[in-house]
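Asker:
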Amino acid sequence: MTGRGLRVAAGVVSAGVILGVAELVAVLAGAESAPLPAVGDWVVDQTPDGVREWAIDTFGTSDKTVLFLIMGVVAVVVAALAGLVERTRRPVGSVLFVVFGGCAALAALTRPQATWTWIFPAVLGTWAGIIVLRSLIRRIEDFERAAGTGSAPADAAPADPAAADVALERRIVVRGLVIGGAAAAGAGLVGRLLGASSRNVAGERAEVTLPSVTAPLPEVDPGADLRIPGLTSYLTPNADFYRIDTALVVPQVSKEDWSLRIHGMVDREIRLTYADLAARTPIERLVTLACVSNEIGGDLIGNALWLGYRLDELLAEAVPHPEADMVLSRSKDGWTAGSPLSVLTDGRDAMLAVGMNGEALPVVHGYPARLVVPGLYGYVSATKWVTELEVTRFDRAQAYWTKRGWSAYGPIKTGTRIDVPSSRKSLTPGRITVAGVAWAQHRGIRGVEVRIDQGEWQPARLAVEPSIDTWRQWAFDWEATPGTHTIWARATDGAGETQTEERRDVIPDGATGYPSITLQIR
Ligand SMILES: Nc1nc2c(c(=O)[nH]1)N[C@H]1C(S)=C(S)[C@@H](COP(=O)(O)O)O[C@H]1N2
Ligand SMILES: [Mo]
14 MTGRGLRVAA GVVSAGVILG VAELVAVLAG AESAPLPAVG DWVVDQTPDG VREWAIDTFG
74 TSDKTVLFLI MGVVAVVVAA LAGLVERTRR PVGSVLFVVF GGCAALAALT RPQATWTWIF
134 PAVLGTWAGI IVLRSLIRRI EDFERAAGTG SAPADAAPAD PAAADVALER RIVVRGLVIG
194 GAAAAGAGLV GRLLGASSRN VAGERAEVTL PSVTAPLPEV DPGADLRIPG LTSYLTPNAD
254 FYRIDTALVV PQVSKEDWSL RIHGMVDREI RLTYADLAAR TPIERLVTLA CVSNEIGGDL
314 IGNALWLGYR LDELLAEAVP HPEADMVLSR SKDGWTAGSP LSVLTDGRDA MLAVGMNGEA
374 LPVVHGYPAR LVVPGLYGYV SATKWVTELE VTRFDRAQAY WTKRGWSAYG PIKTGTRIDV
434 PSSRKSLTPG RITVAGVAWA QHRGIRGVEV RIDQGEWQPA RLAVEPSIDT WRQWAFDWEA
494 TPGTHTIWAR ATDGAGETQT EERRDVIPDG ATGYPSITLQ IR
């Protein structure tokens, strides 16, 4: 390896030391305070809407992985550069580390849940990285002098570099690189493992016994599932439930530390602990959650049995002021949603949920507590890891996505999806069952119709609807004829309103338009 190659390696190893040591310090300070998650979170916050949508469009739910990959590449390039420019007497590379380390510390400080201790991972990591960089560069300069290359001052270079010296100096550098690299990897790994085990709440969650409900729901009517192969099941198992959130590191909130504060425009501020919930009466409800970013035909929608506590009761105890019209819910990681106070208190089963399909909430779905509001898209209602309800007004407060161009109000639009048949299957003429799900949460589904090509709209048969707050399965038997056919579907809600045909994108308040599939029959 030449002096250049060794310098690049020295830069990368030292940057590794920064990140590794930072991970170790973050065990004490908090996982999200480490440079990668802190900068990643900051980038997510600052990304302009256009870029954000492009990223979500292009990478879908792997957008977080892509972000970390890009940050990794940037880190390696900056580190290599720092190694190349560092000199014992002109520590330009170290200065570069200080600048980037400082940015990481600032990014950590701007996180909503940050305390001042959040600067320590980046600061101590950078300090360790610079020590390693300086010591490696000293050895590389010795090597460069011995090899008679590089920019080491000529007066210090031996007049006649002996080949043996060069080999020896190189070995010293390589040994330093290996030790530094091992230390970086070791610190990073230990930091990650310790961090994961010390804060991880998966174990505690597994031990939770949900409260029993005095008025349990009857078993879900088997008629809710048409049992057609390929058709989405009425209840979505937790493991298959879509996940959407801005959290790069899943918040780990212990029920022992959790509390919910209801404050703002209220007569009586309330703080509830998890233990306090035991004295309250829980309810159990079937509710279909949907994401405003769900495209026509998309799968960002799922149905579960939620167990929780009525929000109207909780809010009534706080006594909201008559001028208040919004509840700004806030999560442990600082995300916010703004829900109309009127919707939360109009008698529908808006709840502070602690259970999902008979288990404690999965950690990614908001353990220990989240909001579930029938009829509102998740971005304006379904706050996971919820810790605060601030009673306020729409003209005073803006929630996370509203600041980024999405509508302040997000009632769920009536929609439907065609699940079967799959257009990838080879299909032959004869009877084919077309089936899917339709939803109009809190209004219910009165009908679904299907149209083949430019034919008449024909009614589909409907599964049992156990609750107007959930989706409803439908099916249509079609006598398929040879050729290429396009099949359309549309739903009508419980109020008799049919979904609009007009195709609109998900931003600002949800996609519209009829779903369709095109099939080859032969
Ligand atoms: N803390 C937090 N809660 C959140 C979000 C988030 O980014 N952070 N995203 C919301 C959005 S946009 C949706 S669609 C739902 C998704 O809930 P799920 O991941 O349990 O399906 O959570 C909502 N709650
Ligand atoms: Mo969403």
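Numbered per our numbering, the sequence shown finishes at 535, counting up by one with no gaps. C-beta atoms are modelled at their ideal positions from N, C-alpha and C, and glycine is treated no differently. On a predicted model such as this, the values are computed, not experimentally measured, just so you know.
Rounded C-beta distance between G388 and Q454? I'm assuming under 8 Å.
Answerer: 4 Å
Asker: Return the CA-CA distance between D338 and V145, expressed in angstroms with no decimal places.
Answerer: 57 Å
Asker: May I have the straight-line CA-CA distance separating Y527 from A504, to the nearest angstrom?
Answerer: 9 Å
Asker: Cβ of A180 less than 8 Å from any chain D Cβ?
Answerer: Of the protein chains in this structure there is only one, and it is not chain D.
Asker: Is it right to say I83 is buried, meaning 16 or more other beta carbons lie within 10 angstroms of its own, or is it exposed?
Answerer: So I83 counts as exposed.
Asker: Helix, strand or coil for A421, going by three-state DSSP, please let me know.
Answerer: coil
Asker: For D168, which residues from the same chain have a beta carbon less than 6 Å from its beta carbon, with the 5 sequence-adjacent residues on both sides left out?
Answerer: With a pLDDT of only 49 at D168, under the threshold of 50, the placement of this residue in the model should not be trusted, and no figure is reported.
Asker: Does at least one heavy atom of ligand 1 sit under 7 Å from the Cβ of D258?
Answerer: yes
Asker: Note the first and the last residue of the continuous alpha helix (DSSP H) segment covering R218.
Answerer: Under the DSSP assignment, R218 falls in the alpha helix (DSSP H) whose first and last residues are A215 to A219.
Asker: Taking the beta carbon of A172 as the centre, do at least 16 other beta carbons fall within 10 Å, making it buried, or is it exposed?
Answerer: For A172, the predicted structure reports a pLDDT of 49, less than 50, and the residue's modelled location is therefore unreliable. A value from the coordinates is still provided. Under this definition A172 is an exposed residue.
Asker: Taking only runs of the alpha helix (DSSP H) that begin and end inside the region 58 to 82, which ones reach a length of at least 4 residues, in chain order?
Answerer: Here the runs fully enclosed are 62 to 72.
Asker: Is DSSP giving N316 helix, strand or coil here?
Answerer: Here DSSP, grouped into helix, strand and coil, assigns N316 to strand.
Asker: Does the beta-carbon of L592, which I'm using as the reference point, lie nearer than 7 Å to any heavy atom of ligand 1?
Answerer: No statement about residue 592 is possible, as the shown extent of the chain runs from 14 to 535 and does not include it.
Asker: Which runs of the beta strand (DSSP E) at least 3 residues long sit entirely within the region 304 to 365? Give them in chain order.
Answerer: 314 to 323, 339 to 344 and 349 to 353
Asker: By DSSP's criteria, W501 is part of a beta bridge. Which residues make up the other side?
Answerer: In DSSP, W501 forms a bridge with R464 and S529.
Asker: Mind the definition here: the region 405 to 415 touches the region 221 to 235 only if three or more C-beta pairs lie below 8 Å; say whether that holds.
Answerer: no
Asker: Let me confirm a value: V191 is counted as buried when at least 16 other C-beta atoms fall within 10 Å, else exposed. Which label applies?
Answerer: exposed
Asker: State the start and end residues of the unbroken beta strand (DSSP E) segment that holds V111.
Answerer: Taken as a continuous stretch (DSSP letters only), V111 belongs to no beta strand (DSSP E), being part of the alpha helix (DSSP H) at V105 to L122.
Asker: Where do the ends of the alpha helix (DSSP H) carrying W12 lie?
Answerer: Absent from the structure is residue 12, since the part of the chain shown begins at 14 and ends at 535.
Asker: Whole angstroms are fine: how far does the CA of V377 sit from the CA of M364?
Answerer: 18 Å
Asker: Look up T511 in the DSSP assignment and give the residues it is bridged to.
Answerer: The partner list for T511 (beta bridge, DSSP) reads T505.
Asker: Based on the DSSP secondary-structure assignment, which residues constitute the bridge partners of V300?
Answerer: A317
Asker: Any heavy atom of ligand 2 closer than 7 Å to the CB of S306?
Answerer: yes
Asker: Please classify A167: does DSSP put it in a helix, a strand, or coil?
Answerer: Residue placement at A167 is poorly supported in this model, since its pLDDT is 47, which falls under 50; the coordinates are not used for a value here.
Asker: Would you call Q467 buried or exposed, if buried means 16 or more other Cβ atoms sit within 10 Å of its Cβ?
Answerer: Flag for Q467 reads exposed.
Asker: If we count Cβ pairs, one from each stretch, closer than 8 Å, do we get three or more for the region 513 to 525 versus the region 298 to 310?
Answerer: Two segments are said to touch when three or more pairs of C-beta atoms, one from each, lie closer than 8 Å; by this definition the region 513 to 525 touches the region 298 to 310.
Asker: Rounded to whole angstroms, what is the Cα-Cα separation between W162 and V90?
Answerer: Checking the displayed sequence, the identity of residue 162 turns out to be Thr instead of Trp. Each residue's Cα considered, the two are about 23 Å apart.
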